[in-house]
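Comments concern the structure below.
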Ligand SMILES: [Zn+2]
């Protein structure tokens, strides 16, 4: 090993030092490991977003019931969007082969997806009931 090459701290491959970068732990790693790490980090971030958006949409939908006029349609839209986001989260949670999938975020995705799907169903149900209620009020 001369001054121009070094083993990568992660994969052990000996590569030119000029093509190496420091990772978060101040270890020199090769570009392949660096891009893998970035990809995994991006995947973890997108998984967190996928886990958070269904309950967030359901929460917005629930709050919109309290806003005059917006309460007529926005909760339904949020409920449907939350439903789709929940399905996405559940599917991601069941896919263990995914990059960034860990024992910690998989159950989180599943729980978030299932609870939000139920929540979204409730919102959609209440919204439809309110339509039925309004329709009945129009008739009498
Ligand atoms: Zn490497």
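Residue numbers (the numbering used here): 511 to 650. Positions of the beta carbon are idealized from the N, C-alpha and C atoms, including for glycine. Predicted model only: the values in this text are computed from it and were never measured.
- With a beta-carbon spacing of about 3 Å, residue 553 and residue 610 fall inside the 8 Å limit used to define contacts.
- In this structure, DSSP gives residue 559 a helical state, which the three-state scheme calls helix.
- For residue 585, the uninterrupted alpha helix (DSSP H) segment begins and ends at 584 to 604.
- Linking residue 619 to residue 637 through their CA atoms gives a straight-line distance of about 26 Å.
- Counting only the Cα atoms, residue 519 lies some 10 Å from residue 535.
- Taking one beta carbon from each stretch, the segment 592 to 600 and the segment 520 to 540 have fewer than 3 pairs nearer than 8 Å; the two do not touch.
- The chain-ordered list of residues whose CB is nearer than 6 Å to some heavy atom of ligand 1 reads 518, 520, 521, 523, 539, 540, 542 and 543.
- In the three-state scheme derived from DSSP, where H, G and I count as helix and E and B as strand, residue 517 is classed as strand.
- DSSP lists 531 as the beta-bridge partner residues of residue 539.
- One alpha carbon belongs to residue 530, the other to residue 560, and they sit about 33 Å apart.
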